[in-house]
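>
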Amino acid sequence: MTTPEAEPTQPQTPDPGPVTAGREGPDGAAAGPGGAARPEDRLEKAVRAAEQALIEYEIAVETFRVEVENFSRLHHQKLGPMYARLDELDAEIAEALAARSGDPEDRRKADEARARVMPMPGVEELFHGWMDGDGLYPEAAAMLTDQSVRPPQRVRPSDEARKLYRELVRKSHPDLAQEDQERERREEFITRVNAAYARGDEPLLRELSEEWAAGPVAEQQWPSKSEELYARLEWLSQRKELLTVIARELEEGAIGAMLRMAPDDPDQLLDEIAEQLLAQVTEREAELARLSS
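Each residue of the sequence shown is one higher than the one before, counting from 5 in the working numbering.
(1) Given that a residue counts as buried once 16 or more other Cβ atoms are within 10 Å of its Cβ, and exposed if not, what is Asp-205?
(2) Just mark Pro-85 as buried or exposed, buried being the case when its beta carbon has 16 or more other beta carbons within 10 Å.
(3) Mind checking which residues open and close the alpha helix (DSSP H) that includes Gln-182?
(4) Please state whether DSSP places Ser-297 in a helix, a strand or coil.
(5) Quick one: residues in its chain with C-beta nearer than 6 Å to the C-beta of Asp-94, no 5 flanking neighbours on either side, listed in chain order?
(6) Whether or not the region 244 to 254 and the region 55 to 63 are in contact is what I'm after, with contact meaning three or more pairs of Cβ atoms, one per stretch, closer than 8 Å; do they touch?
(7) Roughly how many whole angstroms lie between the Cα atoms of Pro-22 and Ala-53?
(8) Does the distance from the CB of Leu-90 to the CB of Gln-284 come in under 9 Å?
(9) Using the Cα positions of Glu-99 and Glu-256, report the straight-line distance between them to the nearest angstrom.
(10) Roughly how many angstroms lie between the CA atoms of Arg-196 and Pro-161, to the nearest whole one?
(11) Taking the alpha helix (DSSP H) that Arg-118 falls in, what are its first and last residues?
(12) For Glu-291, does the three-state DSSP call read helix, strand or coil?
(13) Mapping DSSP to helix, strand and coil, what is Ser-162?
(14) Which residues in the same chain as Gln-234 place their Cβ atom closer than 8 Å to its Cβ, once the five residues preceding and following it in sequence are excluded?
(15) Spatial neighbours of Leu-101 within its chain, please: C-beta separation below 6 Å, excluding the five flanking residues on both sides.
(16) Would a C-beta distance cut-off of 9 Å place Leu-292 and Glu-96 closer than the cut-off?
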């Protein structure tokens with residue numbers, strides 16, 4: 005996953021590089037006998053570098069996940085009616101051809117085309133986009149309770165919203181917590197940050213930034229024992245592997261592939277697809293009119 009300033013569609017984990025021993029230098033590592041840095045200090049430096057690299061990676065993965073989710077919702081919202089219209093026209097054209105020819109094969113094709121117009125949804129399809137492991141999405145809950153729905157305004161939140169989001173994540177990320185209570189506080193806060201960013205809610209992100217600045221700042225306490233530091237590095241490595249799997253699934257999905265076609269302006273890609281579908285609708289309507297005349 006690249007850093008936030010690079011393309012979010014090709015995530016690559018930043019590599020902190022090897023940590024070597026040496027005398028105290030610009031990095032401020034404490035020196036042991038003979039001027040060599042203590043092993044605990046070098047290990048602690050590696051842990052800090054790995055933590056920051058993982059946070060940057062998580063930011064990039066979440067940024068891309070939001071784009072994929074928003075693109076999927078807007079794709080369905082803007083283009084769904086056009087796809088439905090094309091299916092209907094294809095069914096009517098097939099039925100008109102079957103009526104003209106009387107051929108059983110044409111009748112079979114017409115029946116298949118008509119079946120595609122209103123397919124019977126399965127359970128997963130019924131709830132797709134409505135809920136996840138934590139329950140109903142806010143949009144779904146709003147619709148079921150007759151509240152106003154706040155869909156994303158565009159695929160990619162504004163540059164200012166992205167800047168605020170990245171700054172907040174870097175400051176309040178749960179991985180920076182050393183105590184369970186502080187981790188829980190940060191996890192609750194970051195959940196609100198992610199929800200605001202997913203909607204592109206820049207004013208709310210500003211409020212959250214002010215809230216974090218006014219709240220308690222946890223004092224960073226780095227482990228002093230080598231065993232704890234090694235355990236920390238192992239956890240960071242496992243977390244990175246999990247994020248790599250998530251990023252790969254996002255990129256290899258249909259929506260991720262479409263986003264890679266227009267990494268600079270995915271909203272424009274939706275408009276271009278809409279124009280192509282509209283042209284296809286016009287062609288199908290003309291063909292149906294010819295068959296019905």
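Every residue, glycine too, gets a C-beta built ideally from N, C-alpha and C.
In this structure, then:
(1) buried
(2) exposed
(3) Run containing Gln-182: none; DSSP gives neither H nor E here.
(4) coil
(5) Closer than 6 Å at the Cβ level, and outside the excluded window around Asp-94, lie Ala-117.
(6) Short answer: they touch.
(7) Its pLDDT being 38, under 50, Pro-22 is placed unreliably in this model, and the coordinates cannot settle the point.
(8) yes
(9) 37 Å
(10) 16 Å
(11) 108 to 121
(12) helix
(13) Coil, per DSSP.
(14) The sequence shown places Tyr at residue 234, rather than the Gln named in the question. So the list reads Leu-47, once near-sequence residues are dropped.
(15) Asp-110
(16) A contact, by the Cβ cut-off of 9 Å.
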